[in-house]
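Taken in order, these protein sequences are the chains called A and B. Numbering-wise, the numbering used here comes out as the position in the first sequence, counting from 1, plus 22. Numbering-wise, the numbering used here comes out as the position in the second sequence, counting from 1, plus 864. By construction, the Cβ of each residue, glycine as well, lies at the ideal position given by its N, Cα and C atoms. As the structure is a computational prediction, the values presented were derived from the model and not from experiment.
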Amino acid sequence: MTSASAVEFERVSRVYGSVRAVDGVSLSIPDGEFFSLLGPSGSGKTTCLRLIAGFEQPDGGCIRIHGEVASGLPPYRRDVNTVFQDYALFPHMDVLRNVEYGLMVKGVGKAERRARAEEALASVALADLAGRRPSQLSGGQRQRIALARAIVNRPKVLLLDEPLGALDLKLREQMQGELKSLQKRLGITFVFVTHDQGEALSMSDRVAVFNRGRIEQVASPQTLYNRPETVFVADFVGSANIFDAAGAERLIGRRQAFSVRPENIALNRELPGGHAVEGRVLDVLFHGASSRLDIAVGDGEPVSVTLSNSVLHAGGMPAPGDAVRLSWPESAVVPLRD
Amino acid sequence: MSANALYLKTPLRRLSDVLYRHPRALLAVLLGPPLLWFLVVYLGSLLALLWQGFYSFDDFSMTVRPDLTLVNYAHIFAPANWEIIVRTVAMAAAVTLASALIAFPIAYYMAVYAGKAEKGLFYIGVMLPMWASYIVKAYSWTVILAKGGLVYWVAGKLGLVPLLEALLALPYVGGSTLSTSHLGRFLVFTYIWLPFMILPIQAAIERVPQSLMQASQDLGAGPLAGFRHVLLPLAFPGVVAGSIFTFSLTLGDYIIPTLVGPSGLFIGNFVYVQQGAAGNIPLAAAFTVVPIALIAAYLAAARRLGAFDAL
């Protein structure tokens, strides 16, 4: 039986006592995709990853990996490998033996496993560290070794559990690029768990947004950002001005919750066919490339507006206390459901 | 204007300020007395004992003379004495091996699966036997193992007496009854020292992150391979720590060999006899070197095998 899906969830549930950690999740990850599971802590994304790896078994539903039913299979009989959040390198083995481990337990011959381990180390640019112990490595190096130890097995699916969470910002951004290009080179499916929406948006082909054990939306990063479907997604992915049904009726004359991104609101400019509202600037927060203005509209409802600080954008920045006119085009209005 | 109370100098505060500014002085004050106690009472007396092993013993007058000699240490290798050492070491090794085999699964369950309350129960269960008097426990085993005792009674009810008798007929294991057999002595030793093996192994397993076992499984290793390549190497320092207890405690014990098992001295009994009835303290002192040397050799071997690589 062949299937285009690398991983398939069919109404999968995982229950701990009275908590439904994963609540009837269905999703399908095509082969070769960089797929992210995004959500706050406790939203069920890591449990989903552990269900794919086999560390958890579903209480309901069915999981398929490349068409084979995986439910009930132990982790060591699944063709997937995991990069753990804490890297989980074996402290009593040097780097080479760590990377060789998967091949060693599968009985691959010494010469071949040495060659493949060295190749995997080279692909993460750490070939010269083969003789070191994990305790002698920096966080970034450990992260790459964990990656090498997983990909040396040439799994069909690579699972990454917040692998960049412990790295500092610069290193994290560098690793994001490297992971993305590694995934393209290897052509295997990456399932990437993160709570960092920026990370998910910049690396993924598609993103599933988790909230309370359920999937809110599965979409490409662009769609997720520009066309969020639910209040939760609009709020969690990027920043947004979200108005409930009552606010929507006052502002745009329709009774449905909607959101407007702060960068899509113009100040003191007429947009034909758009929506407009008067407000007063409460605060201006300087962010470098842009500034964020906190503005009170109507009966004190807060609205955020982002203005570029580029010299290319002429025109002064309003000061706290200034009265301003906010306007946005109809295309900036994103209707939301709860 | 009155000074801030925070800056008032009292004699005690002056002292504590001085100690705060000179951490080495603080260390000396805190560590000095215990260290002195340890050096004098433990190492000092041990060295004095070993030194006495070089003294001479006059067999006729039964007195100790401070004339230095190697005769006592040479006595260790006399065939009759060597037999005592082999007998004791064989028992200590068997007890250690059995304790490790029994302790590991219990320790693993305690460290990995037991919940908080359950773990507390296990701790109490493991340590409860240690609260009772060692002599009482050893004596009660003589009753349990005696002919007409509990073990024989149960074996009789189950029709296992022939099996028990066949077991007791084996060389190096048996004896005339269970309570006068090597097997009986081995059972009592294992019973008495097992808790000293469980606790260090449990502590060692607890220090192994669960993610390492998961990583092993994730990389394709089944339970046996994971145990062999990851859990056992990482928990082995705990096994070694426990085995130092079971091994050295068995090596030095002289009560259980007196109460349970066949005739024939253990190292502890020999030391007891020499320093008590015979009054030959130099020979007794020389014999105490044997367990020390054995443990040192054991640790060196364990180190060579990489038992401490994970530390």
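Contacts around residue i, its chain only, beta-carbon distance under 6 Å, and the 5 residues preceding and following it disregarded
| i | result |
| --- | --- |
| Val990 of chain B | Pro1059 and Ile1062 |
| Ile1159 of chain B | Ser1112 |
| Phe214 of chain A | Ser58 and Leu182 |
| Leu932 of chain B | Phe918 |
Spatial distance of residue i from residue j (CA atoms)
| i | j | result |
| --- | --- | --- |
| Leu193 of chain A | Ala341 of chain A | 37 Å |
| Met1077 of chain B | Val1103 of chain B | 18 Å |
| Tyr1036 of chain B | Val1124 of chain B | 15 Å |
| Trp350 of chain A | His297 of chain A | 5 Å |
| Ala1089 of chain B | Val127 of chain A | 7 Å |
| Glu3 of chain A | Thr245 of chain A | Only positions 23 to 360 of chain A appear in this structure, which leaves residue 3 of chain A out of reach. |
| Leu1051 of chain B | His114 of chain A | 35 Å |
| Pro875 of chain B | Gly61 of chain A | 59 Å |
| Leu907 of chain B | Ala1157 of chain B | 15 Å |
| Val44 of chain A | Arg99 of chain A | 23 Å |
| Pro1064 of chain B | Gly1106 of chain B | 6 Å |
| Arg236 of chain A | Val47 of chain A | 6 Å |
| His886 of chain B | Val928 of chain B | 50 Å |
| Thr69 of chain A | Gly209 of chain A | 25 Å |
| Ser312 of chain A | Asn331 of chain A | 5 Å |
| Ala912 of chain B | Val904 of chain B | 10 Å |
| Arg302 of chain A | Asp316 of chain A | 9 Å |
| Pro1073 of chain B | Ser160 of chain A | 19 Å |
| Tyr247 of chain A | Ala256 of chain A | 7 Å |
| Asp108 of chain A | Ala168 of chain A | 9 Å |
| Ile999 of chain B | Ile1119 of chain B | 8 Å |
| Ala288 of chain A | Leu334 of chain A | 16 Å |
| Thr960 of chain B | Thr1054 of chain B | 8 Å |
| Tyr972 of chain B | Ser93 of chain A | 27 Å |
| Leu180 of chain A | Asp218 of chain A | 19 Å |
| Lys132 of chain A | Ala172 of chain A | 18 Å |
| Leu1176 of chain B | Phe1134 of chain B | There is simply no residue 1176 of chain B to check, as chain B begins at 865 and stops at 1175 in what is shown. |
Under 8 Å from the C-beta of residue i: neighbouring residues of chain B
| i | result |
| --- | --- |
| Lys128 of chain A | Gly1084 |
| Asn233 of chain A | Near Asn233 of chain A there are no residues of chain B at all, since even the closest Cβ is about 26 Å away, more than 8 Å. |
Contacts of residue i in chain A (Cβ-Cβ under 8 Å)
| i | result |
| --- | --- |
| Pro1097 of chain B | His114 |
| Pro1073 of chain B | Asp108 and Ala110 |
Per DSSP, cross-strand counterpart(s) of residue i
| i | result |
| --- | --- |
| Asn103 of chain A | A:Leu180 |
| Gln239 of chain A | A:Val231 |
| Val44 of chain A | A:Arg36 |
| Ala350 of chain A | Correcting the residue type first, residue 350 of chain A is Trp in the shown sequence and not Ala. BP columns for Trp350 of chain A point to A:His297. |
| Ser281 of chain A | A:Ile264 and A:Val356 |
| Asp922 of chain B | B:Thr927 |
| Ala288 of chain A | A:Ser349 |
| Val213 of chain A | A:Phe57 and A:Leu181 |
| Phe986 of chain B | Partner(s): none; Phe986 of chain B has no beta bridge. |
| Ser851 of chain B | Shown here, chain B extends from 865 to 1175; a query on residue 851 of chain B therefore has no answer. |
Other residues of its chain near residue i: CB distance less than 8 Å, five sequence neighbours each side excluded
| i | result |
| --- | --- |
| Leu1032 of chain B | Gly1038, Gly1039, Ser1040, Thr1041, Leu1042, Ser1045 and Leu1047 |
| Phe308 of chain A | Asn331 |
| Pro1155 of chain B | Ser1112, Leu1115, Gly1116 and Ile1131 |
| Val34 of chain A | Val44, Gly46, Val47, Ser48, Cys70, Leu73, Pro80, Gly82, Gly83, Cys84 and Ile85 |
| Gly153 of chain A | Asp116, Val117 and Leu118 |
| Pro250 of chain A | Gln239, Ala256, Val259, Ala262, Ser281, Val356 and Leu358 |
Partners in chain B for residue i, counting only beta-carbon separations shorter than 7 Å
| i | result |
| --- | --- |
| Tyr98 of chain A | Gln1081, Gly1084, Ala1085 and Gly1086 |
| Ala75 of chain A | Asp1082 |
| Thr216 of chain A | Those within 7 Å of Thr216 of chain A in chain B number zero; the least Cβ separation is about 18 Å. |
| Thr104 of chain A | Asp1082 |
Sequence-distant residues of the same chain with beta carbon closer than 7 Å to residue i, five excluded per side
| i | result |
| --- | --- |
| Val174 of chain A | Val121, Gly124, Leu125, Arg138, Ala139 and Ala142 |
| Met23 of chain A | Confidence in Met23 of chain A is poor, its pLDDT being 42 and thus under 50, which makes the residue's placement too unreliable to answer from. |
| Phe986 of chain B | Met974 and Ala978 |
| Ser224 of chain A | Gln198 |
| Val104 of chain A | Inspection of the sequence shows that residue 104 of chain A is occupied by Thr rather than by Val. For Thr104 of chain A, where only same-chain residues beyond five positions count, the Cβ hits under 7 Å are Ala75, Ala172, Leu181 and Asp183. |
Cross-chain neighbours of residue i in chain D, by beta carbon under 9 Å
| i | result |
| --- | --- |
| Tyr123 of chain A | In the structure shown, chain D cannot be found, because the protein chains are A and B. |
Within chain B, the residues that residue i reaches when beta carbons sit closer than 9 Å
| i | result |
| --- | --- |
| Asn175 of chain A | Leu1083 and Gly1084 |
Cross-chain neighbours of residue i in chain A, by beta carbon under 7 Å
| i | result |
| --- | --- |
| Pro1121 of chain B | The premise fails here: Pro1121 of chain B is roughly 39 Å from chain A at the closest Cβ pair, so nothing lies under 7 Å. |
| Ala1105 of chain B | The premise fails here: Ala1105 of chain B is roughly 16 Å from chain A at the closest Cβ pair, so nothing lies under 7 Å. |
| Ala1089 of chain B | Val127 |
| Leu1076 of chain B | Ala110 and Phe112 |
Inspect the CB distances between the region 30-45 of chain A and the region 197-211 of chain A and report whether three or more fall short of 8 Å. no
I'd like to know if the region 945-954 of chain B and the region 1126-1143 of chain B are in contact, where contact means that at least 3 CB-CB pairs between them fall below 8 Å. The region 945-954 of chain B is in contact with the region 1126-1143 of chain B.
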